[in-house]
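Down below is the structure, laid out as C-alpha cells.
Protein chains in written order, with the working numbering: chain A, 55 to 288; chain B, 3 to 255.
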C-alpha cells in the first residue's frame, strides 16, 4: 500500500531531510513511524501526499506515484493526512463546511457530501456539531474534526503526524480509541511511544532521514536503542 | 481586556428567517441609500428605522452597544471639528478666527445619525446569520468567489493569529517587559510584530498544504443552498420603497 524505495529529499536551503529512506507498509497495516526531531517524519509525509516533490519512481501510495502529476491529482481520494496542528487543517468557518471541503473537491453531489459529513462526524463522536466554529473547539475536538474531514473522503491510507500533540490525557485516550477504530492502512508519526504501542502492530525507527531499524512494538521497550535516538522506551 | 473579537451566535428572529440573498441585497441597498442622505429629517427617520430593524433582528444589546460605543468614540473628533468648519448659516459663537454655525451643528448631528444608522444596519445584518452564510449569499449574488473565500479564511485565522499575539504578549510580560516610549520597547514591539508576521506566513503555508492534500484545485465549493419565499420578496420591496422614499425626501428637502 505504501512503498518507498531509496527516497532522498533535500530542502532548498541545502538541508538533507531524507537520505535513502526505504519503507514498506502493507494494506490494512497500522505502522508507527518514530524518531527524534528532524528525523524526517513530516518530510516523508509531505512527500507521500505529493506536497513536496521528489524524484519520480521513488515511491507509490495506494498504487499512485505522488511525483507523477496526473497521479498526484488522484491522491486526495486515496490518501488522507492529519497534520500536527489541527488549526492548520480546520480552515473553514464551521465544522460541517470543513468536513465537506474534501468531498466537494472530489466533485461528489451535494446529497452524497451531506451523508458523508454526517457519517464522518458520527464516527469521531461529533454528531450534530457541524454548525460549531473551529476556534471554539477544544484541542481534542479539533483533532477529531480534522480526522472527520479525512474520513469523509474515504481514503485507503491515513497518514497521522503527531496526532496526540496538544491533547490532554483524556483527549489522548479518546484519540487512541478512535485511531484503533479507523479503517484502512495507517502510518502514524509520533514521539508519543505509548500511543504508538497502543495503536500500531509494527514500528519503523528513523533518524537523519534513514531507517535505523524496524520490527514489532516490543522494539519500543529497548531503552538503549530509544535513548540513542532521542526517545524514551515505554 | 481580551484582544479576541467576540464570535456572535445568531439568534432566531423574523429577519434571521429570511433568505440570506434577499436579506443581503435589501440591507446593502439600505446602506447605500442611507449613505446618500445629507439632511437631518431623513437621517433621523433612517436612524429610527435602523434601530427598529435591530430590535426586530434581536441584535444582542451588549454586543451592539460595545460596537456603537467604539464607533462614537472614533466619531467624536470629527463631530467636534465639523460645526467649526461650515461657513454658511447663523454664527452662534465667535472667537478670533473660530466660529460655530447652526448649519455646522446640523451637519454634525446629521453625520452622527447617518453613521449610527449605517453601522446599525450592518451590525443587524451580521447578527442575523453566521458570516459564512452571508458570504455564501454574497457569492450567489455575484461577488467574486475568490473574494468571498479570502474573507472567510481571514475571519477564521484572525482568531488564531490573535491567540498567537496573546501568547506573545504574555511571554513578553512574564519576562518583565512593560510597554513604554523607549527605544527598547519600540524594538521589542517591532520584533514581536515580525515574529507574528513570520508565524502567520508559516501558518499560511501549512494551511495551503492541508488544502492541497484534500484535493483543493483553486476552486471553492460550498454546500450552502438558499430558497426564496414570498416574504423575502416582500421584505426586499419594502426596503426599496422606504429607501427610495427617504432619498426622494432628502433630495427635495
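For every residue, glycine included, the Cβ atom is placed at its ideal position computed from N, Cα and C.
**Report entry** Within chain A, the residues that residue 154 of chain B reaches when beta carbons sit closer than 8 Å
**Finding:** Residue numbering aside, residue 154 of chain B sits at position 152 when the second chain is read from its first letter. Result: 146 and 147.
Query raised in the report: What do you reckon, are the CB atoms on residue 199 of chain A and residue 144 of chain A nearer than 8 Å?
Result: Counted from its first residue, the first chain places residue 199 of chain A at position 145. Counted from its first residue, the first chain places residue 144 of chain A at position 90. In contact: residue 199 of chain A and residue 144 of chain A (Cβ atoms closer than 8 Å).
Query - Proximal residues, the stretch 45-77 of chain B versus chain A, C-beta separation under 7 Å - result: none
Report task. Measure from the C-beta of residue 151 of chain A to each C-beta in chain B and report whether the shortest distance is under 8 Å. Result -> In the first chain, the residue the question calls residue 151 of chain A occupies position 97. Closer than 8 Å: yes.
Query raised in the report: residue 182 of chain B versus chain A: which residues are under 8 Å apart at the beta carbon?
Result: Locating residue 182 of chain B in the second chain gives position 180, counting from the first residue. Here the premise fails: no neighbours, minimum Cβ distance about 32 Å.
**Report entry** Contact with chain B by residue 158 of chain A, beta-carbon distance below 8 Å
**Finding:** Against the first chain, residue 158 of chain A aligns to sequence position 104. Chain B, which has a Cβ nearer than 8 Å to the Cβ of residue 158 of chain A, makes this yes.
Report task. Please name the residue or residues paired with residue 63 of chain A in a DSSP beta bridge. Result -> As a first step, residue 63 of chain A must be located in the first chain, where it is residue number 9. According to DSSP, residue 63 of chain A bridges with A:72.
Query raised in the report: For residue 67 of chain A, does the count of other Cβ atoms within 10 angstroms reach 16, so buried, or fall short, so exposed?
Result: Here residue 67 of chain A corresponds to residue number 13 of the first chain, with the count starting at 1. Burial call: exposed.
Report task. Measure from the C-beta of residue 234 of chain A to each C-beta in chain B and report whether the shortest distance is under 8 Å. Result -> Counting from 1 along the first chain, the entry for residue 234 of chain A is found at position 180. For residue 234 of chain A, the answer is no, since every Cβ of chain B falls outside 8 Å of its Cβ.
**Report entry** Distance, residue 27 of chain B Cα to residue 152 of chain B Cα
**Finding:** As a working mapping, residue 152 of chain B is identified with position 150 in the second chain. As a working mapping, residue 27 of chain B is identified with position 25 in the second chain. Each residue's Cα considered, the two are about 21 Å apart.
Report task. Check residue 127 of chain A in the structure and name its three-state DSSP category. Result -> Within the first chain, numbered from 1, the residue matching residue 127 of chain A stands at position 73. Here residue 127 of chain A sits in helix by DSSP.
Report task. Taking only beta-carbon positions, decide if residue 209 of chain B is within less than 8 Å of chain A. Result -> Within the second chain, residue 209 of chain B is the residue found at index 207, counting from 1. It does; some Cβ of chain A falls within 8 Å.
Query raised in the report: Do you know whose CA, among B:122, B:159 and B:203, lies nearest residue 68 of chain B's CA?
Result: Residue 68 of chain B sits at position 66 when you count from the first residue of the second chain. Comparing Cα positions, the closest option is B:122.
Query raised in the report: Under 8 Å between C-beta atoms, does residue 217 of chain B make it to chain A?
Result: On the second chain, residue 217 of chain B is found 215 positions in, with the first residue counted as 1. Taking Cβ atoms only, chain A reaches closer than 8 Å to residue 217 of chain B, which makes this a yes.
Query - the stretch 41-51 of chain B in contact with the stretch 125-144 of chain B per 3-pair CB rule at 8 Å - result: no
Query raised in the report: Checking contacts by CB at 8 Å: is residue 203 of chain A closer than that to chain B?
Result: Taking the first chain and counting its residues from 1, the one referred to as residue 203 of chain A is at position 149. Yes, its Cβ sits closer than 8 Å to a Cβ of chain B.
Report task. Give the residues from the stretch 167-185 of chain A that approach chain B closer than 9 Å (Cβ to any Cβ), ordered along the chain. Result -> 167, 168, 171 and 185
Report task. Anything in the stretch 16-30 of chain B with a Cβ closer than 8 Å to a Cβ of chain C? List those residues in chain order, please. Result -> Absent from the structure is chain C; the protein chains it does hold are A and B.
Query raised in the report: Three-state secondary structure (DSSP) at residue 243 of chain A?
Result: Mapped onto the first chain, residue 243 of chain A falls at position 189. Looking at residue 243 of chain A - three-state DSSP - the assignment turns out to be strand.
Query - Beta-carbon separation (whole angstroms), residue 211 of chain A vs residue 238 of chain A, contact threshold 8 Å - result: Numbered from 1 along the first chain, position 157 holds the residue referred to as residue 211 of chain A. Numbered from 1 along the first chain, position 184 holds the residue referred to as residue 238 of chain A. Right, their Cβ atoms sit about 6 Å apart.
Requested in this report: Return helix, strand or coil for residue 207 of chain B, following the three-state DSSP convention.
Outcome: If you number the second chain from 1, residue 207 of chain B lands on position 205. Here residue 207 of chain B sits in helix by DSSP.
Query raised in the report: Can you name the residues of chain B whose CB is closer than 9 Å to the CB of residue 103 of chain A?
Result: As a working mapping, residue 103 of chain A is identified with position 49 in the first chain. Within chain B, the residues near residue 103 of chain A are 211, 214 and 215.
Query - residue 85 of chain B versus residue 103 of chain B: straight-line alpha-carbon distance, rounded - result: Against the second chain, residue 85 of chain B aligns to sequence position 83. Against the second chain, residue 103 of chain B aligns to sequence position 101. In a straight line, the C-alpha of residue 85 of chain B is about 6 Å away from that of residue 103 of chain B.
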